[in-house]
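Numbering follows the numbering used here, with no gaps: position 49 of the sequence shown is 49.
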Amino acid sequence: MDYTEMLTDNRFSVIAALPRNDLALAEAALEGGAQAVKVHCNVWHRASGNTFGTFAENRTFLRELIALCGDVPVGLVPGGEDAYINEEERLELEEMGLSFFSSYAQYVPCHMMESTRLSSMIAIGTDYTQNTLDAVRASAIDVLECSIQPGENYGTSMNYADILRYSDIAAKTAKPCVVPTQRRIRPEEVRHLAAAGCKAIMIGAVVMGGARPEDVKRATAAFRAAADAV
Numbered sequence: 001m002d003y004t005e006m007l008t009d010n011r012f013s014v015i016a017a018l019p020r021n022d023l024a025l026a027e028a029a030l031e032g033g034a035q036a037v038k039v040h041c042n043v044w045h046r047a048s049g050n051t052f053g054t055f056a057e058n059r060t061f062l063r064e065l066i067a068l069c070g071d072v073p074v075g076l077v078p079g080g081e082d083a084y085i086n087e088e089e090r091l092e093l094e095e096m097g098l099s100f101f102s103s104y105a106q107y108v109p110c111h112m113m114e115s116t117r118l119s120s121m122i123a124i125g126t127d128y129t130q131n132t133l134d135a136v137r138a139s140a141i142d143v144l145e146c147s148i149q150p151g152e153n154y155g156t157s158m159n160y161a162d163i164l165r166y167s168d169i170a171a172k173t174a175k176p177c178v179v180p181t182q183r184r185i186r187p188e189e190v191r192h193l194a195a196a197g198c199k200a201i202m203i204g205a206v207v208m209g210g211a212r213p214e215d216v217k218r219a220t221a222a223f224r225a226a227a228d229a230v
């Protein structure tokens, strides 16, 4: 299934960002009702505290993950500040059947935006401005990840000022907007994100309550039920 079309067509969706590259966690997310699964390579991840290996080290895992997920879109954060996949590796991921890539805009090599097979989910951070939103609206970005919380807010409760900011971003960019759980968002708060015009929540380590398969399945099921009730 095309990732961008899935987000556009659904009223609200749940994406599972796995706290580590583990097929058992992916299977648990699918059992919980995840509508997309995202993993990482070449990065240190603040929320989970994990370092994810290189593309070469994750090649077999990625092939197995894509096969496991079937029609459920699989995405990859292919790098960050210190390392990133090259164009040859991007083409290999396309052939594997990867659905989308996800990165902060400042780390994305231009060749990634040349892909005609991968949906682009580009993240804006704490330093975004109204000019940024104008530029996003006019850009080739498919999906916008609203990673706008500073590090000191990780794991804290969401408030209505956050909702107003997400609403402003969604309205001004006119892109499908995904909110990652940098804040400790609760399932019952999903309806506020949907009312703000956002299209999905991307749940990760902050709200999973642990990194065991049962933790991932439980959290995913709770957020999927909330999303289905929107």
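Yeah, the Cβ is synthetic: ideal placement off N, Cα and C, and Gly gets one too.
Asked	Found
Length of the line joining the Cα atoms of Ala-151 and Tyr-3	At residue 151 the sequence reads Gly, which differs from the Ala that was named. Cα to Cα, the separation comes out at about 28 Å.
Rounded C-alpha distance that separates Ala-56 from Tyr-160	42 Å
Inter-residue Cα distance where the pair is Thr-173 and Gln-130	10 Å
Sequence-distant residues of its chain with Cβ nearer than 6 Å to Asn-10 (five each side left out)	none
Expected contact under 8 Å - CB spacing of Gly-155 and Arg-191 to nearest Å	With a Cβ gap of about 22 Å, Gly-155 and Arg-191 do not count as contacting.
Outcome for Glu-81 when other beta-carbon atoms lying within 10 angstroms are tallied against a minimum of 16	exposed
Selected residue, minimal CA-CA separation from Phe-52, among Ile-66, Glu-188 and His-40	His-40
Phe-100 in three-state terms, based on DSSP	strand
Residue span of the beta strand (DSSP E) that contains Ala-123, given as start and end	119-124
Outcome for Gln-149 when other beta-carbon atoms lying within 10 angstroms are tallied against a minimum of 16	buried
With 16 other Cβ atoms within 10 Å as the buried cut-off, status of Ala-229	exposed
As assigned by DSSP and simplified to three states, the class of Leu-91	helix
Nonlocal neighbours in the same chain, by C-beta distance under 6 Å from Ala-105, ignoring five residues either side	Ile-122
CB of Ser-99 within 8 Å of CB of Val-77, strictly	no
Alpha-carbon spacing of Ala-196 relative to His-111, whole angstroms	33 Å
C-beta neighbour in chain D for Gly-33, strict 8 Å	Absent from the structure is chain D; it holds one protein chain and no more.
Beta-carbon proximity of Gly-97 to Asn-42, cut-off 8 Å	no
Residue environment, Leu-118, which counts as buried when at least 16 other CB atoms sit within 10 Å	buried
C-beta atoms of Val-14 and Ala-26 nearer than 8 Å	no
C-alpha distance - Thr-126 paired with Leu-91, whole-angstrom precision	31 Å
Cys-69 (DSSP reduced to helix, strand or coil)	helix
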